[in-house]
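Order-wise, the sequence lines are chains A and L.
Under numbering that gives the first Met the number 0, residues 0 to 94 are what the first sequence spells out, in order.
Under numbering that gives the first Met the number 0, residues 0 to 484 are what the second sequence spells out, in order.
Structure first, then comments.
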Amino acid sequence: MKITRSEVEHVARLARLELTDSELDTFTGQMDGILAYVEKLNALDTEGIVPTSHAVPMENAFRPDQPAESIGVEAALANAPLRAESFFRVPKVIE
Amino acid sequence: MEIYDLTIHELHEKLKAKEVSSVEATRAMLERIEAVDGQVNAYITVTPEQALVEAEAADKRIAAGDVAPLTGIPVGLKDIFITKGIRTTCGSRILENFVPPYDGTAVAKLKEQGAVIVGKLNQDEFAMGSSNESSYFGPVKNPWNLECTPGGSSGGSAAAIAARTATATLGTDTGGSIRQPASHCSCVGLKPTYGRVSRYGVIAYASSLDQVGPLTRDVTDAALLLGAVAGYDPKDSTSVNTPVPDYVAGLQAGVKGLKIGLPKQYFIEGLDPDVKRAMDEAIALYKSLGAELREVSLPHTEYAVATYYLIATAEASSNLARYDGVRFGHRAEDVRGLKEMFAKTRAEGFGSEVKRRIMLGTYALSSGYYDAYYVKAQKVRTLIMQDFLNAFNEVDVLLTPIAPTPPFKIGEKLADPLQMYLSDIFTIPVNLAGTCGISIPAGFSADGLPIGLQLIGKPFGEAAILSTAYAFEKETQWHLKKAPL
Chain A
0 MKITRSEVEH VARLARLELT DSELDTFTGQ MDGILAYVEK LNALDTEGIV PTSHAVPMEN
60 AFRPDQPAES IGVEAALANA PLRAESFFRV PKVIE
Chain L
0 MEIYDLTIHE LHEKLKAKEV SSVEATRAML ERIEAVDGQV NAYITVTPEQ ALVEAEAADK
60 RIAAGDVAPL TGIPVGLKDI FITKGIRTTC GSRILENFVP PYDGTAVAKL KEQGAVIVGK
120 LNQDEFAMGS SNESSYFGPV KNPWNLECTP GGSSGGSAAA IAARTATATL GTDTGGSIRQ
180 PASHCSCVGL KPTYGRVSRY GVIAYASSLD QVGPLTRDVT DAALLLGAVA GYDPKDSTSV
240 NTPVPDYVAG LQAGVKGLKI GLPKQYFIEG LDPDVKRAMD EAIALYKSLG AELREVSLPH
300 TEYAVATYYL IATAEASSNL ARYDGVRFGH RAEDVRGLKE MFAKTRAEGF GSEVKRRIML
360 GTYALSSGYY DAYYVKAQKV RTLIMQDFLN AFNEVDVLLT PIAPTPPFKI GEKLADPLQM
420 YLSDIFTIPV NLAGTCGISI PAGFSADGLP IGLQLIGKPF GEAAILSTAY AFEKETQWHL
480 KKAPL
């Protein structure tokens with residue numbers, strides 16, 4: 000076994016995903032199969048190989064720090080599930 | 000020949016000669032959508048009112064003699080492209096009612112030319128899939144055989160070309176999501192080099208792999224549409240500031256003396272016999288046109304799928320963290336506290352393929368596994384890129400199949416995600432290497448299902464793969480065959 004059901008539950012908590020019992024069962028089996036498959040990468044010796052995070056060689060992309068027009072409060076809030084005045088409204092954070 | 004059958008360049012000539020107006024062309028397209036899209040399900044949202052307003056504006060431009068190549072042309076957009084005032088779902092319940100406040104750069108460029116947007120196209124949820132079956136809005140049917148998938152994730156963008164419900168479309172390609180559906184629907188689909196087209200306003204899946212590209216009826220249209228959207232954009236710091244050539248002007252370059260490489264790892268046992276036959280015919284044709292064909296080796300090909308499904312899912316798990324129910328999108332009701340709101344919102348909003356990939360990616364990035372999975376995959380990615388650089392020291396272009404088989408049946412691979420992932424073996428390496436590839440129609444199986452041919456170019460070598468594709472298209476004419484719809 001590459002991954003156990005309780006590890007899958009832990010990963011779901013990290014990912015902020017509420018999974019049902021049957022999803023946990025299915026994902027445990029499927030992730031186990033996929034992780035067994037990706038094991039094949041260990042057949043390759045990658046000692047000293049530089050990891051690639053980005054296909055095009057690139058330095059930091061700086062731009063002048065100039066103020067420009069922004070999207071505006073109303074447009075930014077237009078898709079909010081809940082709002083109050085000019086804020087996004089969420090359930091109480093501190094118990 | 001109906002108006003909706005025309006290519007961009009054919010319709011452009013008719014618009015310029017005032018044989019047809021953009022309003023007429025747009026009406027014809029909207030009627031065609033009305034007539035056949037119920038069978039295909041290529042569209043998530045059709046925008047008839049806005050399209051007709053844009054068509055009237057295009058006709059005014061044309062009357063004033065101001066005609067760009069896309070002025071007045073009815074186009075469709077994968078629903079991953081942010082469109083101001085037009086609902087943008089990315090194929091997900093979590094964005095079912097999301098109406099963006101701005102246009103992305105590729106869309107803005109099409110609008111500047113006066114293109115007419117007729118609607119937003121179906122796709123796998125968050126572009127995660129190879130069959131368009133993970134869409135919250137139902138699967139897309141392949142116009143060549145309604146029991147088959149059109150491929151994915153830009154399944155709607157490819158099916159709309161085959162069904163003649165858009166003159167051209169834009170898609171995105173992270174592991175083959177333009178090229179594979181183009182192959183399965185017998186249209187042309189091009190994935191440009193990473194950085195060639197701005198990703199600003201494109202909903203992110205795997206940011207180091209995602210790229211925007213055209214799906215069209217022929218190679219000339221792909222050259223036109225790529226030219227329209229390519230170029231540096233200050234709003235995407237990963238877009239590359241290198242000049243955009245005139246891709247249409249370069250199409251006639253021919254293939255005499257061109258060195259075409261055949262990667263031996265792509266012509267393997269288990270390749271479908273119809274696909275094998277189509278590849279053999281293509282190779283023979285290029286030889287007869289004076290190209291020089293030789294075998295090359297991409298030795299790390301067999302590691303590409305494993306590498307991709309670690310890197311792409313890791314990036315996805317990070318990118319999709321933004322869907323939390325706070326600022327936009329679906330929010331779960333009747334929750335106690337913020338954490339429960341996040342977890343329930345995401346449980347309700349995401350489908351199973353998206354959840355599976357978020358889970359895999361979160362695992363690959365989690366403490367204790369980061370080096371073993373994520374960094375290991377990034378190192379193998381370096382080896383895969385090196386394979387391509389080595390091959391391009393010997394040849395100009397690579398020729399390969401797009402998919403190991405013709406289009407498969409809806410439902411056939413749903414129960415086994417790994418089998419679905421393995422069907423992307425010939426397209427994924429191009430994304431990992433960050434270079435460009437094009438799929439062009441190369442024939443049909445014994446059952447009449449489309450088969451595509453892939454040409455892979457050097458980084459920023461789009462002109463070379465387009466002219467190589469054009470030489471093939473001129474001789475074969477596969478692209479003229481129409482789906483029975």
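The C-beta atom is built at its ideal place from N, Cα and C for all residues, glycine as well.
Is residue 229(L) closer than 8 Å to residue 191(L) when the C-beta atoms are compared?
It is a contact, given that the beta carbons lie within the stated cut-off.
Flag this pair as yes or no: are the beta carbons of residue 185(L) and residue 480(L) separated by less than 8 Å?
Closer than 8 Å, so yes.
Apart from the five residues on each side of it in sequence, which residues of its chain come closer than 8 Å, Cβ to Cβ, to residue 431(L)?
Cβ neighbours of residue 431(L) beyond the five flanking positions: 208, 303, 306, 307, 310, 380, 383, 384.
What is the DSSP secondary structure of residue 356(L), counted as helix, strand or coil?
Looking at residue 356(L) - three-state DSSP - the assignment turns out to be helix.
Can the beta-carbon of residue 113(L) be found closer than 8 Å to that of residue 139(L)?
Contact flag unset, no.
Determine whether the beta carbon atoms of residue 163(L) and residue 26(L) lie at a separation below 8 Å.
In this structure, residue 26(L) does not lie closer than 8 Å to residue 163(L) by Cβ.
In chain L, what lies closer than 8 Å to residue 18(A) by C-beta?
The answer, in chain order, is 346, 354.
If you drop the 5 nearest sequence neighbours on each side, which residues of the same chain put their C-beta closer than 6 Å to that of residue 205(L)?
The residues are 173, 311, 314, 315.
So with CB distances below 8 Å, who are the chain A contacts of residue 357(L)?
By Cβ distance, chain A contributes 14, 16.
Taking only three categories from DSSP, how would you classify residue 154(L)?
Reduced to three states, the DSSP call for residue 154(L) is helix.
Using alpha carbons as the reference points, say which of 224(L), 128(L), 71(L) lies closest to residue 418(L).
With distances taken between Cα atoms, residue 418(L) lies closest to 128(L).
Please check the pair residue 223(L) and residue 247(L), which I expect to be a contact at CB under 8 Å, by giving their CB distance rounded to whole angstroms.
The pair is a contact, with the Cβ atoms about 6 Å apart (cut-off 8 Å).
For residue 210(L), report the span of its beta strand (DSSP E) as first-last.
Segment 210-215, the beta strand (DSSP E) holding residue 210(L).
Within its chain, find whatever has a CB closer than 8 Å to the CB of residue 201(L); leave out the 5 residues flanking it on each side and keep chain order.
Same-chain partners within the cutoff: 79, 80, 81, 103, 105, 171, 209, 211.
Could you say which of 290(L), 449(L), 233(L) lies nearest to residue 397(L) if we only look at CA atoms?
When each option's Cα is compared against that of residue 397(L), the closest is 290(L).
Counting only runs of 4+ residues fully inside the region 270-296 of chain L, write out the alpha helix (DSSP H) ranges in chain order.
Runs of the alpha helix (DSSP H) inside the region 270-296 of chain L: 272-287.
Specify whether the region 264-283 of chain L and the region 348-363 of chain L touch according to this definition: at least 3 beta carbon pairs, one from each stretch, less than 8 Å apart.
Touching, no.
Which partner residues does residue 438(L) have in the DSSP bridge list?
According to DSSP, residue 438(L) bridges with 188(L), 453(L).
If we call anything under 8 Å between Cβ atoms a contact, is residue 327(L) one with residue 97(L)?
Yes, the pair counts as a contact, with Cβ atoms nearer than the cut-off.
On the three-state DSSP scale, how would you describe residue 378(L)?
The answer is helix: DSSP assigns residue 378(L) an H, G or I state.
By the criterion of Cβ-Cβ separation under 7 Å, what are the contact partners of residue 378(L) in chain A?
Result: 45, 48, 50.
Is the CB-CB distance between residue 115(L) and residue 159(L) below 8 Å?
No, the pair does not count as a contact, with Cβ atoms beyond the cut-off.
Does the region 83-99 of chain L come close enough to the region 37-55 of chain L that 3 or more CB-CB pairs lie under 8 Å?
Touching, per the Cβ criterion.
Just to confirm before moving on: does the CB-CB distance between residue 169(L) and residue 213(L) stay below 8 Å?
It is a contact, given that the beta carbons lie within the stated cut-off.
Between the region 401-414 of chain L and the region 74-82 of chain A, do at least 3 Cβ pairs fall closer than 8 Å?
Because the criterion of three Cβ pairs below 8 Å is not met, the region 401-414 of chain L and the region 74-82 of chain A do not touch.
Looking at the C-beta of residue 198(L), does it have a partner C-beta in chain A at a distance below 8 Å?
Judged by the 8 Å Cβ criterion, residue 198(L) is not in contact with chain A.
Assuming residue 11(A) is part of the alpha helix (DSSP H), what are its boundary residues?
Run containing residue 11(A): 4-13, per the alpha helix (DSSP H) assignment.
Using only the alpha-carbon positions, how far apart do residue 151(L) and residue 176(L) sit?
Whole-angstrom Cα-Cα distance: 5 Å.
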